[in-house]
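As structure tokens, the structure follows; a few thoughts come after it.
2 protein chains.
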Amino acid sequence: MRIIVDAFGGDNAPLEIIKGCELAVKAHDVDILLVGKEETIRKVAAENKISLDRMEILDAPDVIAMEDHPNLIRTEKKNCSLAVAMRALAEGKGDGFVGAGNTGATLFGATTIVGRIKGVKRPALAPVMPKMEGKFILCDSGANADCRPEMLVQFGKMASIYAERVLGVNNPRVGLANVGTEDTKGDALRTETFPLMKESGLNFIGNIEARDIPYDACDVVVADGFTGNVILKLYEGVAGALIKKIKGVLTASGKNKIAALMIKKDMKKMAKQLDHNEQGGAPFLGVVKPVFKAHGSSQAKTVSNAIGQVKAFVTAGVIEAIAESVK
Amino acid sequence: MRIIVDAFGGDNAPLEIIKGCELAVKAHDVDILLVGKEETIRKVAAENKISLDRMEILDAPDVIAMEDHPNLIRTEKKNCSLAVAMRALAEGKGDGFVGAGNTGATLFGATTIVGRIKGVKRPALAPVMPKMEGKFILCDSGANADCRPEMLVQFGKMASIYAERVLGVNNPRVGLANVGTEDTKGDALRTETFPLMKESGLNFIGNIEARDIPYDACDVVVADGFTGNVILKLYEGVAGALIKKIKGVLTASGKNKIAALMIKKDMKKMAKQLDHNEQGGAPFLGVVKPVFKAHGSSQAKTVSNAIGQVKAFVTAGVIEAIAESVK
Numbered sequence: 041m042r043i044i045v046d047a048f049g050g051d052n053a054p055l056e057i058i059k060g061c062e063l064a065v066k067a068h069d070v071d072i073l074l075v076g077k078e079e080t081i082r083k084v085a086a087e088n089k090i091s092l093d094r095m096e097i098l099d100a101p102d103v104i105a106m107e108d109h110p111n112l113i114r115t116e117k118k119n120c121s122l123a124v125a126m127r128a129l130a131e132g133k134g135d136g137f138v139g140a141g142n143t144g145a146t147l148f149g150a151t152t153i154v155g156r157i158k159g160v161k162r163p164a165l166a167p168v169m170p171k172m173e174g175k176f177i178l179c180d181s182g183a184n185a186d187c188r189p190e191m192l193v194q195f196g197k198m199a200s201i202y203a204e205r206v207l208g209v210n211n212p213r214v215g216l217a218n219v220g221t222e223d224t225k226g227d228a229l230r231t232e233t234f235p236l237m238k239e240s241g242l243n244f245i246g247n248i249e250a251r252d253i254p255y256d257a258c259d260v261v262v263a264d265g266f267t268g269n270v271i272l273k274l275y276e277g278v279a280g281a282l283i284k285k286i287k288g289v290l291t292a293s294g295k296n297k298i299a300a301l302m303i304k305k306d307m308k309k310m311a312k313q314l315d316h317n318e319q320g321g322a323p324f325l326g327v328v329k330p331v332f333k334a335h336g337s338s339q340a341k342t343v344s345n346a347i348g349q350v351k352a353f354v355t356a357g358v359i360e361a362i363a364e365s366v367k
Numbered sequence: 041m042r043i044i045v046d047a048f049g050g051d052n053a054p055l056e057i058i059k060g061c062e063l064a065v066k067a068h069d070v071d072i073l074l075v076g077k078e079e080t081i082r083k084v085a086a087e088n089k090i091s092l093d094r095m096e097i098l099d100a101p102d103v104i105a106m107e108d109h110p111n112l113i114r115t116e117k118k119n120c121s122l123a124v125a126m127r128a129l130a131e132g133k134g135d136g137f138v139g140a141g142n143t144g145a146t147l148f149g150a151t152t153i154v155g156r157i158k159g160v161k162r163p164a165l166a167p168v169m170p171k172m173e174g175k176f177i178l179c180d181s182g183a184n185a186d187c188r189p190e191m192l193v194q195f196g197k198m199a200s201i202y203a204e205r206v207l208g209v210n211n212p213r214v215g216l217a218n219v220g221t222e223d224t225k226g227d228a229l230r231t232e233t234f235p236l237m238k239e240s241g242l243n244f245i246g247n248i249e250a251r252d253i254p255y256d257a258c259d260v261v262v263a264d265g266f267t268g269n270v271i272l273k274l275y276e277g278v279a280g281a282l283i284k285k286i287k288g289v290l291t292a293s294g295k296n297k298i299a300a301l302m303i304k305k306d307m308k309k310m311a312k313q314l315d316h317n318e319q320g321g322a323p324f325l326g327v328v329k330p331v332f333k334a335h336g337s338s339q340a341k342t343v344s345n346a347i348g349q350v351k352a353f354v355t356a357g358v359i360e361a362i363a364e365s366v367k
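Note that the protein sequences, when read in sequence, are chains A and B.
Just so we're aligned, residue 41 is where the first sequence starts under my numbering, counting upward by one.
Just so we're aligned, residue 41 is where the second sequence starts under my numbering, counting upward by one.
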């Protein structure tokens, strides 16, 4: 299997990306097509003693910035690493894609260059998120700010297939993110979506409150992309702020510092379970080929994990199953 | 000053409510009008040795449940403690109201029995929330699931006045909860609201991402009631789940338990800053009299704090200032 990787996407590109590919070759037994300025890639690899074994380089002279407008990848920046990588994916030069760059541009490229699965209204971003015990999938977490009820039902279908085939959750419980658990709760979008979810054939367990998401509310949380993005980022923000607060307590005095040493190992284990770097990347579900977005701040480990996720996604036949479900 | 309190609202009513009133009489130097079944109130007070000094009781035979439909307070349950309390407030039998019961019914009563300030489109719920250092106001946090852009601008105005006059924040920074910081980010509601916020005369600092809310993003977070409610509840959910995780670490072994004892005092101080019971209640801004909603799980301390907030709200002339600003 060969994974196409944008070597120039994300805050830590290209070094951490190339390192991540080196890790992935060994950890996941894959070949890599690295896309970006060939000269720079070879120089960075040589300087950092990174082996480019099982990696091929596809030269791309340009780079799209995190803040650039997405449609630049089809106009002025059509030769940026992201656009070149997307075309390579569309042309079958690899089995899937991983990038840590501009999210909007990745979605735009996935939709317009790679293409949607027939019957899919809109691709949706579906990260795997940590909860008290285990994980859940949040879909859509930011691809579509404005949604119609039928889109939300499709997000539930696509994410259920992903949860079942890749996370190994049997008959995933699907919940609609809402402001209360009663059937009639919510805004116009939610009250229109609820009956459609009930008839969808999904294992729909009803509305779920944001308060219950971090516990074991369900396996798939369905949201419009605006609400999903707020959930995704607030999750990260509140957890990060609280951990910072606790670090403050643990370094507040000499006595506290000793206590911190005593619980260090167990705290690290807990932090690891919550770390988004451990999750790797998130797929845009509904695209005809696997397109995975890794966090902009991805380290080598994250990139390698995301590449492993693409392999699992391909092996599990998620795309074929989605195509079948939306026929 | 006399505060009207629903003795039968919330999960811990009437005991914790009556206890809270006893605390408030001393802590905030106020008189109380307790509304609910007089016989039960007197019995509970006697059994628990609670002094009813400076409290008067207004008998109300019925109770509205947390899950009851709000409009019952004007039909079958028009003699529930909440409805009787709202009528008493409208008739001037007290200077403000505190209740920990059914949120929808409290809003419905506030709007239809007590009434809106002239010019206010919709009252909005505005809790004070903790951040890394200090506090911010989230408005609307759940009163209006579907909103128009002008409503969001008014939420910003009302909450700014509250932040300035009660929290003592000079020229409060107002942010629009959104999925990115760029001016053009978001769904239709956000992109239409943004220019109106810019022209509003508020100290509008632009869009803020959910990730930054727990840090020092701004003093007033403006959201539609659906998004605001998701933020409010996810804040509580993520913080609660993480604290539970940490408690797990601190009790995982004998060594960890010793470490826990060493940091106990500082951890408690931190937890206190984050505890919603410390915040008291949240006002429905835009109502002609102060109507405060306390958390359903309120303890005596919460009720007393909420009563103190009503006093501060009245003293600061928040309602008069809002009336002036929406003229």
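C-beta atoms are modelled at their ideal positions from N, C-alpha and C, and glycine is treated no differently.
With a 10 Å radius around the Cβ and a threshold of 16 neighbouring Cβ atoms, residue 220 of chain A comes out buried. Contacts between residue 249 of chain B and chain A, judged by CB atoms closer than 7 Å, involve 273 in chain order. Residue 223 of chain A is positioned such that its CB atom lies closer than 8 Å to that of residue 246 of chain A. Annotation: the continuous alpha helix (DSSP H) that includes residue 129 of chain A extends over 121–130. At a cut-off of 8 Å between beta carbons, residue 267 of chain B contacts chain A. DSSP lists B:214 as the beta-bridge partner residues of residue 244 of chain B.
Close CB contacts of residue 101 of chain B within its chain, under the 6 Å cut and outside five residues either way in sequence, are with 119 (chain order).
Taking a beta-carbon distance threshold of 8 Å, residue 254 of chain A counts as an interface residue toward chain B.
Listed by position along chain B, the residues whose Cβ is nearer than 8 Å to that of residue 296 of chain A are 302, 303, 306. Between residue 107 of chain A and residue 142 of chain A, the alpha-carbon positions lie close to 7 Å from each other. Between the alpha carbons of residue 298 of chain A and residue 347 of chain B lies a gap of roughly 42 Å.
Among the CB atoms of chain B, one or more fall inside 8 Å of the CB of residue 289 of chain A. In the structure shown, residue 94 of chain A adopts coil according to DSSP, grouped into three states. Nothing from the stretch 110–133 of chain A brings a Cβ to less than 9 Å from some Cβ of chain B.
Note on residue 62 of chain A: 16 or more other CB atoms within 10 angstroms of its CB, so buried under the neighbour-count rule. For residue 207 of chain A, no beta strand (DSSP E) run applies, since DSSP gives it neither H nor E. Counting C-beta atoms within 10 angstroms of its own C-beta, residue 326 of chain A has 16 or more neighbours from the protein chains shown and is therefore classed as buried. Closest in alpha carbon position to residue 73 of chain B, among B:132, B:307, B:89, is B:132. Here the stretch 184–201 of chain B lies against the stretch 161–175 of chain B, with 3 or more beta-carbon pairs under 8 Å apart. When the beta-carbon positions are compared, residue 284 of chain A and residue 169 of chain B stay at least 8 Å from each other. Chain-ordered, the chain B residues with CB closer than 8 Å to the CB of residue 226 of chain A read 185, 266. Here residue 181 of chain A is buried: its Cβ has 16 or more other Cβ atoms, across all protein chains shown, within 10 Å. Residue contact with chain B for residue 333 of chain A: absent (no Cβ-Cβ distance below 8 Å to any residue of chain B). The alpha-carbon of residue 323 of chain A is positioned some 10 Å away from that of residue 199 of chain A. If you compare the alpha carbons of B:135, B:244, B:265 with that of residue 359 of chain B, the shortest gap goes to B:135. Secondary structure note for residue 289 of chain B: its alpha helix (DSSP H) is the uninterrupted segment 265–290.
About 7 Å separates the beta carbons of residue 330 of chain A and residue 137 of chain A, which is inside the 8 Å limit, making them a contact pair.
Ranked by how close their Cα comes to the Cα of residue 239 of chain A, the residues A:214, A:258, A:115 have A:214 in first place. Per DSSP, reduced to three states, the secondary structure at residue 78 of chain B is helical. Three or more pairs of CB atoms, one per stretch, sit closer than 8 Å, so the stretch 249–256 of chain A contacts the stretch 270–279 of chain B. Sequence-distant partners of residue 51 of chain A (beyond 5 residues in either direction) whose C-beta falls short of 7 Å from its own C-beta, in its chain, are 336, 337.
Residue pairing by DSSP places residue 175 of chain B opposite B:170 in a beta bridge.
In the structure shown, the three-state DSSP call for residue 261 of chain A is strand.
If you ignore the 5 residues before and after residue 225 of chain B, its C-beta comes within less than 7 Å of the C-beta of 218, 219, 247, all in its own chain and listed in chain order. For residue 302 of chain A against residue 296 of chain B, the beta-carbon gap comes to about 7 Å, under 8 Å, which counts as contact.
Cβ-Cβ separation between residue 363 of chain B and residue 157 of chain B: approximately 5 Å, consistent with a contact (criterion under 8 Å).
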